[in-house]
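Report on the structure given below.
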Amino acid sequence: MDLIIFYFRKLFTILKKEVLVLPSRVVVILFFLFVLLLPVLPVIGNDPYMLRIFTLTCIYAIFAASWDLLSGYTGQMNFGHALFFGVGAYSAALLNHHIHIPPWGSIPIGALVAVLAGLIIGIPCLRLKGTYLALTTLAFPIILIGIVFAFPDQLGGELGISGIERIARSKVISYYIIAIIMLGLCTIMWAITDSKLGIILHAIREDEIAVRTAGINTTRYKLLAFSLSGFFAGVAGGLYAHYMRIAGPSTLEVSLSFQVVIWSIFGGIVSIYGPIGAVFVLFPLLELLRFWEQGRTLMFACIIILILLYMPDGLFPWLRDKIEKECPRCKKRNFWRRKTCRICTAELD
Amino acid sequence: MKKAVGVMVLLVFGLFMVFGVPAFAADTIKIGVIGPMNFVQGQGHWNGATLAMEVINAKGGIQVGNKKMKIELIKADSNEHLSIPDATNAMERLMTRDKVDFVVGGFRTEAVLPMQDIACEYKKIFIGCGAATDAICTRVAEDYDTYKYWFRMTPFNGTNLAKASIAHLMSTAGAMKQAGLNIPKFKVAAAIEQAQWADGFVGLAKAYIPKLGMDLTGVWRPSANATDVTAELTAIQRSGAHIIYAIFSGPVGIPFARQTGELKIPAIQMGINVEAQKDDFWEATQGMGNYVMTSNTYARDVEQNENTKAFVDAYVKRFGETPTYTAGTYDAILFALAPSIEEAGTLNSDKIVSILENRVFKNTTSTIKYVKDSEGRHLHDIQFGPGYSTGLATQWQDGKLKGVWPYKWVAAQGAPEVTYKGIVPIKIPPWVIEAYK
Chain A
1384 MDLIIFYFRK
1394 LFTILKKEVL
1404 VLPSRVVVIL
1414 FFLFVLLLPV
1424 LPVIGNDPYM
1434 LRIFTLTCIY
1444 AIFAASWDLL
1454 SGYTGQMNFG
1464 HALFFGVGAY
1474 SAALLNHHIH
1484 IPPWGSIPIG
1494 ALVAVLAGLI
1504 IGIPCLRLKG
1514 TYLALTTLAF
1524 PIILIGIVFA
1534 FPDQLGGELG
1544 ISGIERIARS
1554 KVISYYIIAI
1564 IMLGLCTIMW
1574 AITDSKLGII
1584 LHAIREDEIA
1594 VRTAGINTTR
1604 YKLLAFSLSG
1614 FFAGVAGGLY
1624 AHYMRIAGPS
1634 TLEVSLSFQV
1644 VIWSIFGGIV
1654 SIYGPIGAVF
1664 VLFPLLELLR
1674 FWEQGRTLMF
1684 ACIIILILLY
1694 MPDGLFPWLR
1704 DKIEKECPRC
1714 KKRNFWRRKT
1724 CRICTAELD
Chain B
260 MKKAVGVMVL
270 LVFGLFMVFG
280 VPAFAADTIK
290 IGVIGPMNFV
300 QGQGHWNGAT
310 LAMEVINAKG
320 GIQVGNKKMK
330 IELIKADSNE
340 HLSIPDATNA
350 MERLMTRDKV
360 DFVVGGFRTE
370 AVLPMQDIAC
380 EYKKIFIGCG
390 AATDAICTRV
400 AEDYDTYKYW
410 FRMTPFNGTN
420 LAKASIAHLM
430 STAGAMKQAG
440 LNIPKFKVAA
450 AIEQAQWADG
460 FVGLAKAYIP
470 KLGMDLTGVW
480 RPSANATDVT
490 AELTAIQRSG
500 AHIIYAIFSG
510 PVGIPFARQT
520 GELKIPAIQM
530 GINVEAQKDD
540 FWEATQGMGN
550 YVMTSNTYAR
560 DVEQNENTKA
570 FVDAYVKRFG
580 ETPTYTAGTY
590 DAILFALAPS
600 IEEAGTLNSD
610 KIVSILENRV
620 FKNTTSTIKY
630 VKDSEGRHLH
640 DIQFGPGYST
650 GLATQWQDGK
660 LKGVWPYKWV
670 AAQGAPEVTY
680 KGIVPIKIPP
690 WVIEAYK
């Protein structure tokens, strides 16, 4: 009993001193609660339409965060990220359709195939940077679409592979499985960026030569970034295939690759939480705009342009800067109304 | 205070938009019309459905048991050309938010398949008016209990589309013979766009054209978006082809037709050219598309049966253009659903399915009969052939799109001869006559 009380007290202390002191952390807690409690929320929880929207939102959140891990943190500008998503989707679909491997097996194996795709792309792209890298990566999903069309009997051609097993019969259970995977994977991605590995990846983005001078094998780290990003995007693709029950050429389309870039830039790159938040805003927003079918896409584009015009670093970093201040001395973040830093007590301007 | 009121108004508006408008009209039959509404195919879906609704509601509605129920259409933009999740979200919305009784439409197969899953999960009848893939109907045979709610209305499936194009080829050769051209053995050049849907036509051309006693001079695969096909056309001209078997759904149909006319290639162009089905083809090719033939669904002067003229005239009057096959939503609502609902006396999907799959009825283009596969399983696909769906071939003749097939068409020995009212003979381009006379 005492032990339980001890842990409760510890939890309360952490909550009070580490979480509640920063609005951004409170928002993250609220986000977790929202995602986990969504099916029991009044109105939304009983609505399969809303549940479908948020299930797809969770899938795309993993996808967007995986792009940020590679292109945001490591600076490897990938304009063909749909390749990983498509490879994950097709692999999971093929394994399930032909070998009858259930989703819990086909999705991770599909993700590993996407890792392989990440390595295959990563190796020839290692010598490229910036625009050249972006254009080269753009070509890969297009090549794969060509392969899909070239082998219609095996890969379903234009129709894709349909009739795949559902993740779960119940929509609520499907949602929970996908939402928990999303929360888990996104936390892992955030942890990666906050680790030593994340610092190295970030450093490669800022100045690769300096990192190499420090004796770090950047090639290995860049390949690792491609593989990790491919894995997470591959999981998203596998989840998509099993949720939609189809893996088709649309999972490899250029528009999907650009969509993930738009989500990430809108939310704020080099943050992980930015792209996730952006998907949670933009994907339901597009549905919300269905009240004006003709102008839906136009209005959507206008909103994005306006946000980027006034918040060039993305929506969420902008919001974070509004509610939090960085200490000029210790660089720790503080609630915006504080006069002194909560850590070093330095004056906040 | 003002700011707070403003925020409240915005919140209420936001919630209203997110959670939607509740359905108030209980005495109407709700039909969802789903398609890419910002594209020509979706507009066809919506226009056809609108006309059907107006016809039915003008008569007081549909008799369901002992009460008359009017039709209410719910528009759903599937945006399926650009996003498959958008299409499935739209279908889910129709099912759960709008609570429709039936759905018509759909176009891109990759979107129709998951949309079909959703509609069937909610046990709502979904009548397809756009996707031609055979596989969509095969699902009905393979898992009848799940997919029995799916039916096809337009177009007929890909296999029959290919059969029809071969019939058009034979008629074209027949017309050239009748014109007294000195051609001992016909040479056919196949120009088939680079697209997967068209790949089957390559095999078809290689397999069937020699069997028809003709020579296949070659197969050319221009890009679906090509703007210049001079190289292909020059090669076709050098091959000595008398007929160009062209299969195009993309914009390449325009430069191909225009440049064939400009080069005065002594060959007649037939097959499938989606651009040539449109009213603005003549202007787009600056008149150079004269004599181009294509498979088609409607032509202004052609009456496939007694229902065609009223529909085509009303469509042209209302929307200023000839209907395309996605306007088959008109047939789906007026001729498939309405009488089946009246016969069932209920909106219960299972009862309507068992009535609809056994009905033989006329729509605006043909007589519809739902076929079974070789094992006797229901496919909910439409019967192709004389007396049933045949489609048309149309030809541009001096600025007008004329119906030219079926003209005295005999599908097989002993089969009835088919000629629709308004069909005219195929015209051979004067430069072709001059070259081979």
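First to last, the protein sequences are chains A and B.
Following the numbering used here, the numbering of the first sequence begins with 1384 at its first residue and continues without gaps.
Following the numbering used here, the numbering of the second sequence begins with 260 at its first residue and continues without gaps.
Every residue, glycine too, gets a C-beta built ideally from N, C-alpha and C.
Note that this is a predicted model, so its numbers are computed, not measured.
| Query | Result |
| --- | --- |
| The beta strand (DSSP E) with residue 305/B in it runs from where to where? | Element bounds for residue 305/B: not the beta strand (DSSP E) but the alpha helix (DSSP H), 299–317. |
| For residue 1434/A, which of helix, strand or coil comes out of DSSP? | helix |
| Compare the C-beta of residue 405/B with all C-beta atoms of chain A and state if any pair is closer than 8 Å. | no |
| Might you give, ordered along the chain, the residues of its own chain that have their beta carbon closer than 7 Å to the beta carbon of residue 687/B, omitting 5 neighbours on each side? | 434, 435, 438 and 527 |
| Could you tell me whether any Cβ in chain B is nearer than 8 Å to the Cβ of residue 1459/A? | no |
| Taking 8 Å as the threshold, find out whether the stretch 407–417 of chain B comes into contact with the stretch 652–662 of chain B through three or more Cβ pairs. | no |
| At a CB distance below 7 Å, what residues from the stretch 366–377 of chain B approach chain A? Give them in sequence order. | 368, 369, 372, 373 and 376 |
| Identify every residue that forms a DSSP beta bridge with residue 335/B. | 293/B |
| By DSSP's criteria, residue 1412/A is part of a beta bridge. Which residues make up the other side? | Paired residues: none, contrary to the question. |
| Taking the alpha carbon of residue 1560/A as the reference point, which residue from 1702/A, 1699/A and 1438/A has its own alpha carbon closest? | 1438/A |
| Would the beta-carbon of residue 329/B fall within 8 Å of that of residue 287/B? | yes |
| Answer with yes or no whether the minimum CB distance from residue 394/B to chain A is below 8 Å. | yes |
| Considering only the beta carbon of each residue, do residue 358/B and residue 608/B sit closer than 8 Å? | no |
| Within 8 Å, do at least three Cβ pairs link the stretch 1501–1508 of chain A to the stretch 1598–1609 of chain A? | yes |
| Mind listing which residues of the stretch 340–361 of chain B have their C-beta closer than 7 Å to chain A's C-betas, in chain order? | 341, 343, 344, 347, 348, 351, 352, 355 and 356 |
| I'd like the list of long-range same chain contacts for residue 371/B, defined as Cβ closer than 7 Å, with 5 residues on each side in sequence excluded. | 365, 387, 390 and 395 |
| State yes or no: is the C-beta of residue 1476/A within less than 8 Å of the C-beta of residue 1616/A? | no |
| Any idea what DSSP makes of residue 396/B, helix, strand or coil? | helix |
| Which residues mark the beginning and the end of the beta strand (DSSP E) in which residue 1583/A is found? | Run containing residue 1583/A: none in the beta strand (DSSP E); it sits in the alpha helix (DSSP H), 1579–1589. |
| Nearest CA to the CA of residue 500/B: which residue from 427/B, 695/B and 290/B? | 695/B |
| Shorter than 8 Å from the beta carbon of residue 1565/A to some beta carbon of chain B? | no |
| Can you tell me whether DSSP reads residue 640/B as helix, strand or coil? | strand |
| Taking DSSP's pairing of strands, which residues face residue 654/B in a bridge? | 552/B and 661/B |
| Residue 1453/A CB to nearest chain B CB: under 8 Å? | no |
| Are there 16 or more other CB atoms within 10 angstroms of the CB of residue 1431/A, so buried, or fewer, so exposed? | buried |
| Could you tell me which whole alpha helix (DSSP H) segments of length 4 or greater appear in the stretch 557–608 of chain B? | 567–578 and 597–603 |
| By the DSSP assignment, the beta strand (DSSP E) with residue 1482/A in it spans what residues? | Taken as a continuous stretch (DSSP letters only), residue 1482/A belongs to no beta strand (DSSP E), as it is neither H nor E. |
| Within 8 Å of any Cβ in chain A, is that where the Cβ of residue 640/B sits? | no |
| From the DSSP secondary-structure annotation, give me the bridge partner or partners of residue 475/B. | 447/B |
| Using the DSSP secondary-structure output, state which residues sit across from residue 416/B in a beta bridge. | According to DSSP, residue 416/B bridges with nothing at all. |
| Flag residue 1432/A as yes if its beta-carbon sits less than 8 Å from any beta-carbon of chain B, otherwise no. | yes |
| Flag residue 465/B as yes if its beta-carbon sits less than 8 Å from any beta-carbon of chain A, otherwise no. | no |
| How big is the Cα-Cα spacing for residue 247/B and residue 1591/A? | There is simply no residue 247/B to check, as chain B begins at 260 and stops at 696 in what is shown. |
| Quick one: residues in its chain with C-beta nearer than 6 Å to the C-beta of residue 580/B, no 5 flanking neighbours on either side, listed in chain order? | 538 |
| Quick one: residues in its chain with C-beta nearer than 7 Å to the C-beta of residue 1696/A, no 5 flanking neighbours on either side, listed in chain order? | 1651 |
| How would you call residue 1714/A, buried or exposed, if buried means at least 16 neighbouring beta carbons within 10 angstroms? | exposed |
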